[in-house]
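Undergrad: Right, I'll just put the structure down here and ask away after.
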Amino acid sequence: MRRGHRLGRRFGWLWGAYGTSALGTWLAFGAFPLIAIQVLHAGPGEVAALSSVGAAVGAVAAVPLGPWVEFRRKRPVLIAMDLVRFAALLTIPAAFALGVLTFLQLLLVSVVVAAADITFRAASGAYLKTLLPPEDLLVANARFESTSWTTTIIGPPLGGAAIGLLGPVATLVADAVSYLLSALGIRAIGGHEPRPEPREAARMRAGDLLDGWRYIHADATLRPLFINAALFNGLVMAASPLLAVLMLGRLGFAPWQYGLAFALPAIGGLLGSRLAPPLVTRFGQHRVLVLSGTLRAFWPIGLAFLGPGTGGLLLVMGVEFGLILCCGVFNPVSATYRLERTATDGVARTLSAWAVTTKASTALLTAVWGVLGGLLGPRTAIGLAGVLLLATPLLLPRREAAPLPEPEPESATSRTVRGCRS
1053 MRRGHRLGRR FGWLWGAYGT SALGTWLAFG AFPLIAIQVL HAGPGEVAAL SSVGAAVGAV
1113 AAVPLGPWVE FRRKRPVLIA MDLVRFAALL TIPAAFALGV LTFLQLLLVS VVVAAADITF
1173 RAASGAYLKT LLPPEDLLVA NARFESTSWT TTIIGPPLGG AAIGLLGPVA TLVADAVSYL
1233 LSALGIRAIG GHEPRPEPRE AARMRAGDLL DGWRYIHADA TLRPLFINAA LFNGLVMAAS
1293 PLLAVLMLGR LGFAPWQYGL AFALPAIGGL LGSRLAPPLV TRFGQHRVLV LSGTLRAFWP
1353 IGLAFLGPGT GGLLLVMGVE FGLILCCGVF NPVSATYRLE RTATDGVART LSAWAVTTKA
1413 STALLTAVWG VLGGLLGPRT AIGLAGVLLL ATPLLLPRRE AAPLPEPEPE SATSRTVRGC
1473 RS
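Here the numbering used here runs 1052 ahead of the position in the sequence shown, where the first position is 1.
Put into structure tokens, the structure is as follows:
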């Protein structure tokens, strides 16, 4: 993987569209709960429901969209999902301006956006695999990962300033506009995308909804990686609200200190994503996948020993930096590994199943850890999540898998459909 590796104009448009929408998302980070609290005077239960129920229902709503995306051109789907998110988000400032905004509308919009996010990810992964040759996928995924962490660093501070000056509704407008700009960027990609062959059955059957999960289950290397992703992401995210309660409540950290503790360590993600391609070149994909996936599991348990003052702040920043650095290496390698292990005409269903499960497990574990935090205290619950995370490396692929033979374009769809249903 050489420096300055060029991936072409068409990838440049896709990359730019991704960066634009990612920045918009982080500019509006926290806008939904702030609107619920400041505008609608929602209580803690409603705010929690907005975060967890919206994501969970959105994940369920996205289940039939994976098979639907598989047999359609991916670029129009990407544009459509951007426009859906643009239109859905704009209904909030419109309702606010008319004085008719309700909590139910916020919840419905969060569901629509969550479902569109999952569908967009599934279609973008499938599109990327057709846009670039296999040897360029890691470089592309590393650039997406780098952009993600860059927008994580700069987005929330800018969004916080905008919320202070203009209010949270204004940041939702910026987020909506970012999706419109993303749609225009994807449209500018141009080029010809072959139309996938039609599905064997005239209508989608109930069993077709499980094709993505069947494909993952049938692959001995994807299956453990899939379970690892669901548990790791779910446990890390489940401990986040409890860490906020511990830091901002019992330990007395100021809000700016809390924000700083998570903003600066994001530099580790930027560094890790830049290191991923040369590390794979030197040590091999499987070794880097397993080592970075193992190392990232050891950091979160350190948060259970968090104390007050400067020492506590430095502890959080150190733990988060190490965790995010390892994730910055692991994520693009894992994304590339997943694309390589999936036949081209099964990518959308596989990625959709992956995203649905990850979001649903995160919502479920967040709810469970909220209960555990109330029963055991936030510090003990955070420590329990850290202990369980230590076991997640056991679910990483133990041996390097042989590459899948790529089927001929004219027979790809029928082969994958048969494979998913077996």
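We put the CB at the ideal spot given by N, CA and C, even for glycine.
Only a predicted model underlies this, so the values are computations on that prediction, with no experimental measurement involved.
(1) What is the rounded straight-line gap between the Cα of residue 1312 and the Cα of residue 1348?
(2) Provide the residue span of the alpha helix (DSSP H) that contains residue 1380, from first to last.
(3) Is the beta carbon of residue 1382 closer than 7 Å to that of residue 1344?
(4) Let me know the beta strand (DSSP E) ranges lying completely inside the region 1092 to 1179, each 3 residues or longer, listed in chain order.
(5) Does the beta-carbon of residue 1469 have 16 or more other beta-carbons within 10 angstroms, so that it is buried, or is it exposed?
(6) Which same chain residues end up closer than 7 Å to residue 1124 when comparing Cβ atoms and leaving out the 5 residues on each side of it in sequence?
(7) Buried or exposed: which applies to residue 1071, given that a residue is buried once 16 or more other Cβ atoms fall within 10 Å of its Cβ?
(8) In its own chain, which residues sit with a C-beta less than 8 Å from the C-beta of residue 1308, not counting the 5 before and 5 after it?
(9) I'd like to know if the region 1413 to 1432 and the region 1126 to 1146 are in contact, where contact means that at least 3 CB-CB pairs between them fall below 8 Å.
(10) Out of 1342, 1393 and 1404, which one is the CA nearest neighbour of residue 1003?
(11) How would you label residue 1220, buried or exposed, when you count the other beta carbons within 10 angstroms and need 16 or more for buried?
(12) Is residue 1468 helix, strand or coil when you go by DSSP?
(13) At what residues does the alpha helix (DSSP H) containing residue 1192 begin and finish?
(14) Just how far apart, CA to CA, sit residue 1069 and residue 1450?
(15) If you draw a straight line from the C-alpha of residue 1337 to the C-alpha of residue 1142, how long is it?
(16) So residue 1268 and residue 1278 are supposed to be a Cβ contact under 8 Å. How far apart are they, rounded?
(17) Check whether the Cβ atoms of residue 1216 and residue 1353 sit closer than 7 Å, and answer yes or no.
(18) Kindly list the residues whose CB is nearer than 7 Å to the CB of residue 1084, restricted to its own chain and excluding five residues on each side of it in sequence; keep chain order.
TA: Taking the coordinates as given:
(1) Numbered from its first residue, the sequence shown carries residue 1312 at position 260. Numbered from its first residue, the sequence shown carries residue 1348 at position 296. Approximately 21 Å, taken between the alpha carbons.
(2) Translated into the one-based positions of the sequence shown, residue 1380 becomes position 328. First-last of the alpha helix (DSSP H) with residue 1380: 1361 to 1392.
(3) Locating residue 1344 in the sequence shown gives position 292, counting from the first residue. Locating residue 1382 in the sequence shown gives position 330, counting from the first residue. Cβ distance < 7 Å, so residue 1344 and residue 1382 count as in contact.
(4) Annotation note: the region 1092 to 1179 contains no uninterrupted beta strand (DSSP E) run of length 3 or greater.
(5) Against the sequence shown, residue 1469 aligns to sequence position 417. Only weak support exists for where residue 1469 lies, its pLDDT of 32 falling under 50; the coordinates are left without a value.
(6) Within the sequence shown, residue 1124 is the residue found at index 72, counting from 1. Its chain contains 1248 as the residues whose beta carbon lies nearer than 7 Å to that of residue 1124, once the 5 sequence neighbours on both sides are disregarded; these appear in chain order.
(7) Here residue 1071 corresponds to residue number 19 of the sequence shown, with the count starting at 1. Residue 1071 is buried by the Cβ-count criterion.
(8) As a working mapping, residue 1308 is identified with position 256 in the sequence shown. Closer than 8 Å at the Cβ level, and outside the excluded window around residue 1308, lies no residue.
(9) Cβ pair count under 8 Å is below three, so no.
(10) Lying outside 1053 to 1474, the shown extent of the chain, residue 1003 is not represented and no answer is given.
(11) Translated into the one-based positions of the sequence shown, residue 1220 becomes position 168. Buried is the label assigned to residue 1220, since at least 16 other Cβ atoms lie within 10 Å of its Cβ.
(12) By one-based count along the sequence shown, residue 1468 stands at place 416. Any reading at residue 1468 is ruled out, since the residue's pLDDT is 34, under 50, leaving its predicted position unreliable.
(13) Here residue 1192 corresponds to residue number 140 of the sequence shown, with the count starting at 1. 1189 to 1218 is the extent of the alpha helix (DSSP H) around residue 1192.
(14) To locate residue 1069, count along the sequence shown from 1; it is residue 17. To locate residue 1450, count along the sequence shown from 1; it is residue 398. Residue 1069 and residue 1450 have their C-alpha atoms roughly 36 Å apart.
(15) Position 285 of the sequence shown, counted from the start, is the residue given in the question as residue 1337. Position 90 of the sequence shown, counted from the start, is the residue given in the question as residue 1142. The alpha-carbon atoms of residue 1337 and residue 1142 are separated by roughly 42 Å.
(16) Sequence index remark: in the sequence shown, residue 1268 carries index 216 (1-based). Sequence index remark: in the sequence shown, residue 1278 carries index 226 (1-based). The beta carbons of residue 1268 and residue 1278 sit about 5 Å from each other, so the pair counts as a contact at 8 Å.
(17) Against the sequence shown, residue 1216 aligns to sequence position 164. Against the sequence shown, residue 1353 aligns to sequence position 301. With respect to residue 1353, residue 1216 sits apart: the two C-beta atoms are not nearer than 7 Å.
(18) Along the sequence shown, one-based indexing puts residue 1084 at 32. Within the same chain, residue 1084 has close Cβ partners 1102, 1158 and 1162.
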